[in-house]
Each structure stands twice: as structure tokens, then as C-alpha cells.
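Protein chains: 2
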Amino acid sequence: MQVTELEKLRTRLQQVFASHISKFREACYLLFGYRVEFAAEAASVSSSGTSTIILKPQRSDSKRAEFIFKMSKSQKEVHLTPSDFTRQHLKTEVQTFLDRYKSAPAFLANYTMEMFQKDTQC
Amino acid sequence: MQVTELEKLRTRLQQVFASHISKFREACYLLFGYRVEFAAEAASVSSSGTSTIILKPQRSDSKRAEFIFKMSKSQKEVHLTPSDFTRQHLKTEVQTFLDRYKSAPAFLANYTMEMFQKDTQC
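The listed protein sequences derive, respectively, from chains X and B. Take the first sequence: its letter number 93 is residue 178 in our numbering, and every next letter is one higher. Take the second sequence: its letter number 93 is residue 178 in our numbering, and every next letter is one higher.
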């Protein structure tokens, strides 16, 4: 087998993988209302093995809205990295849902509901 | 290049891919509180090109809790497939968030908050 054929196989497999990941990402956006991006591999996996995940909400009243989480190497925990945005707008929510109850799902679901209610008056 | 070497390359690429998807899936579970599974490829992509996604909530008061969504081929829409569980427990929520406002994120976030509040009395 020639090198070019090997490259063709690699390219084809990478395309299949990319299409699967893209489908997963679109499903997350449609289902949960957040764009999920892992920071570029070199930057996203630190020496401690944590990964950096960036979430951008579909609905928001601020263009600066984004949430940066670190996922532990064990993939058992996520921790919010505080930003100007979270400090200014979500201090109480961070304290309640993340610090007290350790629930990223409640923190993000609460934000989704607040923005939904703001948009729809529902 | 021998066939075995080709197989090795394929296996290695598949492992890398599986590890990426697994990391993405764990991140979704930790961040949004749902296990996200695409139905097995043969079953998940119908002749119309839609995919079937199964969500299992981290917190629930029912062991039967799961949500089945179909994602359109264009990957622009998701639609809940009604089940006994949703018909019995979430009739109003389906009508409000999905039928009226076409918002899967609000529907799922609302369920997350309800279960969170039930667990924590928060």
C-alpha cells in the first residue's frame, strides 16, 4: 500500500469522526441551548490533565455571556472559572448552585430558564 | 504496508475518536445533567436521515424517566417522541415549552430545575 493511500484512509476516517462530533455538538445546542467547545487541544489539556470547556448560550441578554468550565482529568467534576461576566451578573447563582449545591446542571438550567422567561414573558 | 498495519492504524484512530466522544459525553452529563446517547447507527438514522437521541436525566423521581428526541437531517431541529412517561408526567410542560414555544432547552432545563428543587428543597 502506498503512502498516498494511507493518507486517504486517514483523511476519510477523520472526516467520519469530525462529522460524528459535529452531530453531537449540534444536538447539544438544540437540546440544551449551549454551544459546547473544548478549547484547542494544546490549550485545553493542562499539565494536570484538566480540560477547558467553553459554553455559549443560545439565549442571553448579554453578548459577553459565556461560561468557562474546567473538567477534571477523572472526568468526574467540572468547575466554573469565574469571569467578569459571572462576577457581575451571577454572583448569587454561583454561590447557590455551584458553591453550595455543587450542581452545574442546576446553574446552567437556571440561566436557561431566566433567559427564556425574559424572552417570552412566560 | 501490510493489512495488519492498516488495521492497527484504523484501531488507533478509532480509539482516539472514542475517547473524544466519551469526553464530550461526560462533559454533557456533568454540565447539563443528562446522559446523551445516539441510538445505534443502524437504528438511529432512518431513511429520512433523522437521528434518534436518548436522554437520561441524572436526577429524577422516576426510574422510567427518559426523553427520546429525533434530530432532523439538517441538524436544525429536534422533536420529542412522546412516551408513556412524558404523557403521564409532563403533559403541560410538553404543551408549553415544546408545542407552544418550540424550546427543547427550556423543556429540559425546566425538568432539571424541578428535580433539583425536589431533591434539595431549594
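Every residue gets a Cβ at the ideal spot worked out from N, C-alpha and C, and that includes glycine.
- Listed along chain X, the residues sitting closer than 7 Å to residue 188/B by beta-carbon distance are 201.
- Taking CB atoms only, residue 125/X has no neighbour in chain B less than 9 Å away.
- Residues of the segment 146-179 of chain X that bring their beta carbon within less than 8 Å of a beta carbon in chain B comprise 154, 156, 160, 161, 162, 163, in sequence order.
- When CB distances to chain B are screened at a threshold of 9 Å, the residues of the segment 88-110 of chain X falling below it are 88, 90, 91, 94, 95, 98, 99, 101, 102, 105, 106, 107, 108, 109, 110, in chain order.
- Distance from the CA of residue 168/B to the CA of residue 90/B, rounded to the nearest whole angstrom, comes to 47 Å.
- In the three-state reduction of the DSSP assignment, residue 115/B falls in the helix class.
- Interface criterion met: the Cβ of residue 197/B is under 9 Å from a Cβ in chain X.
- DSSP places residue 205/X in the uninterrupted alpha helix (DSSP H) bounded by 189-205.
- At least one beta carbon of chain B lies nearer than 9 Å to the beta carbon of residue 205/X.
- Fewer than three pairs of CB atoms, one per stretch, sit closer than 8 Å, so the segment 141-157 of chain X makes no contact with the segment 147-160 of chain B.
- When C-alpha distances from residue 124/B are compared across 159/B, 92/B, 139/B, the shortest belongs to 139/B.
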